[in-house]
């Protein structure tokens, strides 16, 4: 490279460095946003299944089916909670975690009204 070319590179190296950093930030933001959205959608599917079961206005619910949906939602949440805590406020992650565990307890103890309320709260949080 000629001396003039080196001077031009040195003159603009800070600008090039700043552009590279901006590109890295934008690409990272897109990746993290997609990960967060996919994680929330995956968990929301099982919560919606529980919510729809409660919306049927039945006096008797299939406890095993509801517990399975809750277990799937909790397992999915536990796998992704640590990573999501990097993008979402940590307190919100803990609130959802606590509500999911409460929902599991309510379903195991046949507390349908409380479980329906917890499901609605989780849906609003997510």
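Numbering (the working numbering), first residue to last: 12 to 137. We treat Cβ as the ideally placed atom computed from N, Cα and C, and that holds for glycine.
Check, Outcome
"Looking only at its chain, what residues have a beta carbon closer than 8 Å to the beta carbon of residue 99, apart from the 5 residues adjacent to it on each side?", "47"
"Leaving out the 5 sequence neighbours to the left and right, which residues in its chain are closer than 7 Å to residue 108 when beta-carbon positions are compared?", "88, 92"
"Between the C-alpha atoms of residue 84 and residue 42, what's the straight-line distance to the nearest angstrom?", "23 Å"
"Can you name the start and end residues of the alpha helix (DSSP H) that residue 86 belongs to?", "74-95"
"Which residues in the same chain have their Cβ closer than 6 Å to the Cβ of residue 96, if we skip the five residues on either side of it in sequence?", "104"
"Would the region 51-63 and the region 74-81 be scored as touching if the rule is three or more Cβ pairs under 8 Å?", "yes"
"Nearest to residue 67 by alpha carbon, out of 115, 135, 127?", "127"
"Which of helix, strand or coil does DSSP assign to residue 22?", "helix"
"Within 10 Å of its beta-carbon, does residue 57 have 16 or more other beta-carbons around it, so buried, or fewer, so exposed?", "buried"
"Determine the direct distance from the alpha carbon of residue 114 to that of residue 130, and round the result to whole angstroms.", "7 Å"
"To the nearest angstrom, how far is it from the Cα of residue 136 to the Cα of residue 31?", "36 Å"
"Taking the C-alpha atoms as reference points, what is the distance between residue 72 and residue 122?", "11 Å"
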